[in-house]
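Q: Following this message is one structure expressed as structure tokens.
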Amino acid sequence: MDTKFDELLDFPCQQTFKVMGLAHERLPEDVISCLQVHAPGDYSPKVKPSSKGTYHSISLSVTVTSKEHMETLYVELAKLELVKVVL
Numbered sequence: 001m002d003t004k005f006d007e008l009l010d011f012p013c014q015q016t017f018k019v020m021g022l023a024h025e026r027l028p029e030d031v032i033s034c035l036q037v038h039a040p041g042d043y044s045p046k047v048k049p050s051s052k053g054t055y056h057s058i059s060l061s062v063t064v065t066s067k068e069h070m071e072t073l074y075v076e077l078a079k080l081e082l083v084k085v086v087l
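In the working numbering, the protein residues as written are 1 to 87.
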């Protein structure tokens with residue numbers, strides 16, 4: 001991944017991640033479990049259903065420590081089975 005996060009942000013910093021995936025009760029648990037591995041912390045996800053209820057959007061604030069850390073979080077969250085998009 002070739003990003004410019006290091007040019008745009010001063011690390012460590014808080015970054016809001018928005019994860020969109022299939023509307024399933026396991027989605028928030030999977031996202032938090034992944035974050036606990038790569039960025040342990042106390043998370044309070046905000047879950048918002050899509051208008052048709054097919055998808056859920058989860059917003060979380062995460063402390064990232066470097067460009068590489070942020071890139072890892074994007075990659076690992078995107079690998080989750082129920083996740084469709086990570087912003």
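Just so you know, even glycine gets a beta-carbon here, dropped at the ideal spot from N, CA and C.
When you compare only the Cα positions, how much space is there between Cys34 and Leu9?
A: Approximately 23 Å, taken between the alpha carbons.
Q: Please determine, among Val37, Thr3, Asp42 and Thr16, the residue with the shortest C-alpha to C-alpha distance to Ser57.
A: Measuring from the Cα of Ser57, the nearest candidate turns out to be Thr16.
Q: Can you round the beta-carbon distance between Phe11 and Ser66 to whole angstroms, since I take them to be within the 8 Å contact cut?
A: Rounded, the Cβ-Cβ distance is 5 Å, consistent with contact.
Q: Suppose you measure from the CA of Ser59 to the CA of Leu87; what does that come to, to the nearest Å?
A: Computed Cα separation, rounded: 9 Å.
Q: So Glu76 and Met1 are in contact, right, with Cβ under 8 Å, and what is the actual spacing, rounded?
A: Between Met1 and Glu76 the Cβ distance is about 12 Å, and since that is not below 8 Å, they are no contact.
Q: Taking the alpha-carbon positions, what's the Leu80 to Val19 distance?
A: Going from the Cα of Leu80 to the Cα of Val19 covers about 10 Å.
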